[in-house]
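Chemist: Taking my numbering, the leading residue of the sequence shown gets -14, the next gets one more, and so forth. Cβ atoms here follow ideal geometry from the backbone N, Cα and C, with glycine treated the same way. Take this structure, written in structure tokens, and hold onto it; I'll ask about it next.
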Amino acid sequence: MQCLYRHVAWLGKLNIVSVRYDSTTGAFAAAGYGAFKFAVLLTSSLLGAIYVFYRYSKDFIIYFDQRAFYLYVFIIVKLTFVTTCIVLPLPVYWRREELVAGLNVLLRNETLLCVVLPPTVKRHSYQFVNKCCQVVFWTSIGLALLFFVGYLKTSWVLSDEPLLSYLSAVFHILVSLYIDCTLSLCCLIILIVLEQLSCLEQRLLTIAQWTVETMCAKESLLSTFCQLYDAITGIVLPSLSSYFGPILTLLCPMVVWHCSIRLMNLLELLEDEHLSTNGFDDMLISTMALIWMVNDIKKLVVVLMLSEFLHRKVSWTSSTSNSRT
-14 MQCLYRHVAW
-4 LGKLNIVSVR
6 YDSTTGAFAA
16 AGYGAFKFAV
26 LLTSSLLGAI
36 YVFYRYSKDF
46 IIYFDQRAFY
56 LYVFIIVKLT
66 FVTTCIVLPL
76 PVYWRREELV
86 AGLNVLLRNE
96 TLLCVVLPPT
106 VKRHSYQFVN
116 KCCQVVFWTS
126 IGLALLFFVG
136 YLKTSWVLSD
146 EPLLSYLSAV
156 FHILVSLYID
166 CTLSLCCLII
176 LIVLEQLSCL
186 EQRLLTIAQW
196 TVETMCAKES
206 LLSTFCQLYD
216 AITGIVLPSL
226 SSYFGPILTL
236 LCPMVVWHCS
246 IRLMNLLELL
256 EDEHLSTNGF
266 DDMLISTMAL
276 IWMVNDIKKL
286 VVVLMLSEFL
296 HRKVSWTSST
306 SNSRT
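So, in structure tokens, the structure goes:
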């Protein structure tokens, strides 16, 4: 579970979660100064949302003279983004207890699995989970750095107000990075639950072959497995829905509308007449817009796919457990 400890520590330093691992008690707990950190995060988010909303009022004039479809998409995209900026900080403080409960259940489940697994069975090292987590986290950091540098150049070349334009781009990048890091924790928790359920399934298949003489031990193990399964379905899954649900609810329409407006911008930038004016800078901003769009789609699709896998795994484990009993 070292991957979980490290990831929560990283996100805690970035003020993305208000949870910490207490090595003295061996459990997760709410981090100190939670209310103060939440106030700073919410204030920063509100100030950033107000600023970009002010910038949107200027961009609104550009789309006002174009087709109604462009105008409506622009308005929906910007309102969705501002709403997301306001909602993002809320779970950090108001839902941290649910997150703590879910994380501690993962630790208790790991202890239960270590107790019921025989010495000959290799313990889960979560190496695959750790690698996936590192890839997602550092890819998000790398993309953010790429966008910082890319938009710095394009803002100074293509914008009449380069500093103000770059500040708006920086806020968008930070919000995207915040969402990436938050969803990386969601994916990490889901992957750990999937690993624990897989271990549970393997053990259930093993005890199904036991003889009648070992029936008492079999019933004891089944009781332990029921505790583990109930903890996942009764605590971990509701905590995931409570903490990450509002973010995903807003992320879905935001990704759809952001991709729509980025596709429209790409089509405009790819016109021969426009490209011939600024050449490399137009190609650079088109490339970054395409990368950003792919990244938005990726983070939404990954979470939805893992959620579907988890739902199927929970259902299959339940049916397997019932058939073995």
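Output the boundary residues of the beta strand (DSSP E) element that contains Val4.
Modeler: Taking the first residue of the sequence shown as position 1, residue 4 is located at position 19. Start and end: 4 to 7.
Chemist: Out of curiosity, what's the CA-to-CA distance linking Glu186 and Phe23?
Modeler: As a first step, residue 186 is located in the sequence shown; it is residue number 201 there, counting from the start. As a first step, residue 23 is located in the sequence shown; it is residue number 38 there, counting from the start. Their backbone Cα atoms lie some 40 Å apart in a straight line.
Chemist: Taking all protein chains shown into account, decide if Arg81 is buried (16 or more other Cβ within 10 angstroms of its Cβ) or exposed.
Modeler: Against the sequence shown, residue 81 aligns to sequence position 96. With 16 or more other Cβ atoms within 10 Å, it is buried.
Chemist: Between the alpha carbons of Leu269 and Leu189, how many angstroms are there, rounded?
Modeler: The sequence position of residue 269 within the sequence shown is 284, counting from 1. The sequence position of residue 189 within the sequence shown is 204, counting from 1. Looking at the two C-alpha atoms, the distance is approximately 55 Å.
Chemist: Who are the near neighbours of Val58 in its chain, counting only those whose CB is closer than 6 Å to its CB and skipping five residues on each side?
Modeler: Position 73 of the sequence shown, counted from the first residue, corresponds to residue 58. Ser245, Ile246.
Chemist: Which ranges would you report for the alpha helix (DSSP H) in the segment 74 to 102 if only whole runs of at least 4 residues count?
Modeler: Runs of the alpha helix (DSSP H) inside the segment 74 to 102: 75 to 79, 81 to 101.
Chemist: I'd like the list of long-range same chain contacts for Tyr163, defined as Cβ closer than 7 Å, with 5 residues on each side in sequence excluded.
Modeler: Working through the sequence shown from its first residue, we reach residue 163 at position 178. Hits under 7 Å: Ile1, Leu73.
Chemist: Taking just the CA atoms, how far does Asn280 sit from Ala86?
Modeler: Numbered from its first residue, the sequence shown carries residue 86 at position 101. Numbered from its first residue, the sequence shown carries residue 280 at position 295. So the alpha carbons of these two residues sit roughly 30 Å apart.
Chemist: Evaluate Leu141 with the Cβ neighbour count: other Cβ atoms within 10 Å of its Cβ, from every protein chain shown; 16 or more gives buried, anything less gives exposed.
Modeler: Residue 141 sits at position 156 when you count from the first residue of the sequence shown. Reading off the sequence, residue 141 comes out as Trp, not Leu. With fewer than 16 other Cβ atoms within 10 Å, it is exposed.
Chemist: Using a Cβ-based criterion (distance less than 7 Å to any ligand heavy atom), does Phe21 qualify as near the ligand ADP?
Modeler: In terms of ligand content, the structure shown is empty, and the ligand ADP therefore cannot be addressed.
Chemist: Tell me Ala15's beta-bridge partners as DSSP assigns them.
Modeler: By one-based count along the sequence shown, residue 15 stands at place 30. According to DSSP, Ala15 bridges with Val4.
Chemist: Would you decide whether Tyr39 is buried or exposed? Buried here means 16 or more other CB atoms lie within 10 Å of its CB.
Modeler: As a working note, residue 39 is residue 54 in the sequence shown. Classification of Tyr39: exposed, given that the 10 Å Cβ count is below 16.
Chemist: Roughly how many angstroms lie between the CA atoms of Leu64 and Leu130, to the nearest whole one?
Modeler: Walking along the sequence shown from the start, residue 64 turns up at place 79. Walking along the sequence shown from the start, residue 130 turns up at place 145. In a straight line, the C-alpha of Leu64 is about 26 Å away from that of Leu130.
Chemist: Do Cys166 and Phe229 have their C-beta atoms within less than 8 Å of each other?
Modeler: To locate residue 166, count along the sequence shown from 1; it is residue 181. To locate residue 229, count along the sequence shown from 1; it is residue 244. No. Outside cutoff.
Chemist: Should Cys237 be labelled buried (16 or more other beta-carbon atoms within 10 Å of its own) or exposed?
Modeler: Taking the sequence shown and counting its residues from 1, the one referred to as residue 237 is at position 252. By the neighbour-count rule (16 or more Cβ atoms within 10 Å), Cys237 is not buried but exposed.
Chemist: Of the choices Glu95, Lys138, Phe156, whose alpha-carbon is the least far from that of Leu182?
Modeler: As a working mapping, residue 182 is identified with position 197 in the sequence shown. Nearest of Glu95, Lys138, Phe156 to Leu182, Cα basis: Glu95.
Chemist: Roughly how many whole angstroms lie between the Cα atoms of Leu(-1) and Thr191?
Modeler: To locate residue -1, count along the sequence shown from 1; it is residue 14. To locate residue 191, count along the sequence shown from 1; it is residue 206. Between Leu(-1) and Thr191, the C-alpha separation is close to 44 Å.
Chemist: Keeping to the same chain, check which residues put their C-beta closer than 6 Å to that of Leu88; ignore five residues upstream and five downstream.
Modeler: Numbered from its first residue, the sequence shown carries residue 88 at position 103. Closer than 6 Å at the Cβ level, and outside the excluded window around Leu88, lie Phe13.
Chemist: Check each candidate in Cys(-12), Ala274, Thr302 and name the one with the smallest Cα separation from Val120.
Modeler: Stepping through the sequence shown from its first residue, residue 120 is reached at position 135. Of the listed residues, the one whose Cα sits closest to Val120 is Cys(-12).
Chemist: Taking the beta carbon of Val77 as the centre, do at least 16 other beta carbons fall within 10 Å, making it buried, or is it exposed?
Modeler: Your numbering for residue 77 matches position 92 in the sequence shown. By the 10 Å Cβ count, Val77 comes out buried.
Chemist: Measuring CB to CB, does Val160 end up less than 8 Å from Leu84?
Modeler: For the purposes of this step, residue 160 is identified with residue 175 of the sequence shown, where counting begins at 1. For the purposes of this step, residue 84 is identified with residue 99 of the sequence shown, where counting begins at 1. The answer is no: Cβ separation not under 8 Å.
Chemist: DSSP three-state call for Glu186: helix, strand or coil?
Modeler: Translated into positions along the sequence shown, residue 186 becomes position 201. Three-state DSSP puts Glu186 in a helix.
Chemist: If you drop the 5 nearest sequence neighbours on each side, which residues of the same chain put their C-beta closer than 7 Å to that of Leu(-4)?
Modeler: Counted from its first residue, the sequence shown places residue -4 at position 11. Hits under 7 Å: Val2, Cys166, Leu170.
Chemist: State the DSSP-derived secondary structure class of Tyr111, mapped to helix, strand or coil.
Modeler: As a first step, residue 111 is located in the sequence shown; it is residue number 126 there, counting from the start. Looking at Tyr111 - three-state DSSP - the assignment turns out to be coil, as it is neither helix nor strand.
Chemist: Taking C-alpha atoms, which residue in Phe133, Val288, Val100 lies nearest to Ser208?
Modeler: Within the sequence shown, numbered from 1, the residue matching residue 208 stands at position 223. Looking at the Cα atoms, Val100 is the closest of the given residues.
Chemist: If you measure between the beta carbons of Ile158 and Phe132, is that distance less than 8 Å?
Modeler: Taking the sequence shown and counting its residues from 1, the one referred to as residue 158 is at position 173. Taking the sequence shown and counting its residues from 1, the one referred to as residue 132 is at position 147. Result yes, Cβ atoms of Ile158 and Phe132 sit closer than 8 Å.
Chemist: Are the beta-carbon atoms of Leu91 and Ile177 separated by less than 8 Å?
Modeler: Numbered from 1 along the sequence shown, position 106 holds the residue referred to as residue 91. Numbered from 1 along the sequence shown, position 192 holds the residue referred to as residue 177. Contact: yes.
Chemist: Output yes or no for whether 8 Å exceeds the beta carbon distance between Cys70 and Ala34.
Modeler: Position 85 of the sequence shown, counted from the first residue, corresponds to residue 70. Position 49 of the sequence shown, counted from the first residue, corresponds to residue 34. Yes.
Chemist: May I ask you to report which of helix, strand or coil DSSP gives Thr10?
Modeler: As a first step, residue 10 must be located in the sequence shown, where it is residue number 25. Correct three-state label for Thr10: coil.
Chemist: Quick test of your reading: His243 and Val37, contact by CB under 8 Å. State the CB separation rounded to the nearest angstrom.
Modeler: Position 258 of the sequence shown, counting from 1, holds the residue named residue 243. Position 52 of the sequence shown, counting from 1, holds the residue named residue 37. So it is not a contact: roughly 13 Å between Cβ atoms.
Chemist: Going by C-alpha distance, which of Ser224, Leu137, Thr124 is nearest Lys284?
Modeler: Mapped onto the sequence shown, residue 284 falls at position 299. When only C-alpha atoms are compared, the closest one is Thr124.
Chemist: Run through DSSP, which three-state label would Asp145 get?
Modeler: Position 160 of the sequence shown, counting from 1, holds the residue named residue 145. DSSP places Asp145 in coil when its eight states are reduced to three.
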